[in-house]
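Residue numbers (this note's numbering): 3 to 262. Virtual Cβ for every residue (Gly too), placed ideally from N, Cα, C.
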């Protein structure tokens, strides 16, 4: 009987081990280990994918940086070329502007010069007309391209000169023998354009020129400070000049010069 009991317990034990309940416990342990191994492999794979992705992103970023660098360089090059082209055009415009300004100034100068010449010609024309009208009056005569007026009345030296100046003339200046002979030919005691009223003893013509050729009579001039004006007195001789008192009333001779 004992034997049978032990055999039964042993048989029961083996049966428990081979029972479905026991068989379910052993596969569960193997399943957990598999899942852990699978999870680890998946993590490694994800890490590799992430690393590859980061690498690709880095490559893309590098390519983008290189592209942007080349693009900016090309853009800067284009901007430099455009700037240089604009500067060249600006320089051309500046040169043209300077040329136009020079032409304008030249034209303005020419116009001013033309206007000046025209004004001068007009003045000379008006002066000539006035002189021609004056010469049409009695008492004027021509000699060696100049006009002379011999007065029919008498005045002082200053009054005689004032009359000559009123008709764009002045008292006669004598610088040659021909002019001296011409003046004597009128046979008049008359004033000429000679005086030393500024500086005693220094005789000058009314135009300010010094006396170089003289036709003083014998012992003349001798009036000192009392006789400061030149006159033709002894017209019967070539040396006919005398210094007289400027307030004397004498005839006079005017000389009118024409524009050359």
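Item, Value
"Under 8 Å between C-beta atoms of residue 186 and residue 237", "yes"
"Whole-angstrom distance between residue 206 and residue 213, CA atom to CA atom", "5 Å"
"Where the alpha helix (DSSP H) containing residue 260 begins and where it ends", "Premise fails: residue 260 is in no alpha helix (DSSP H) and is neither H nor E."
"Nonlocal neighbours in the same chain, by C-beta distance under 6 Å from residue 123, ignoring five residues either side", "none"
"Where residue 146 sits in the DSSP three-state scheme", "coil"
"Alpha-carbon to alpha-carbon, residue 210 and residue 217", "18 Å"
"Counterpart residues of residue 123 in DSSP-defined beta bridges", "DSSP, once it has assigned bridges, lists no residue as partnering residue 123."
"Residue 99 versus residue 84: straight-line alpha-carbon distance, rounded", "22 Å"
"Cα-Cα separation between residue 244 and residue 116, rounded to whole angstroms", "49 Å"
"Close Cβ partners of residue 131 (< 7 Å) along its chain, the five nearest in sequence each way excluded", "none"
"Same chain only: Cβ atoms within 6 Å of residue 182, ignoring 5 sequence neighbours per side", "176, 217"
"Residue 180, enclosing alpha helix (DSSP H) - first and last residue", "179-186"
"Chain-order list of residues whose beta-carbon lies under 7 Å from that of residue 252 (same chain, five-residue window excluded)", "156, 191, 192, 193, 233"
"Outcome for residue 113 when other beta-carbon atoms lying within 10 angstroms are tallied against a minimum of 16", "exposed"
"Helix, strand or coil at residue 19 [DSSP, three-state]", "Only weak support is given to the placement of residue 19: the predicted model assigns it a pLDDT of 42, under 50, and the value that follows is read from those uncertain coordinates. Helix, per DSSP."
"Residue 149 versus residue 256 - alpha carbon distance", "8 Å"
"Residue from 220, 162, 118 with nearest C-alpha to residue 195", "162"
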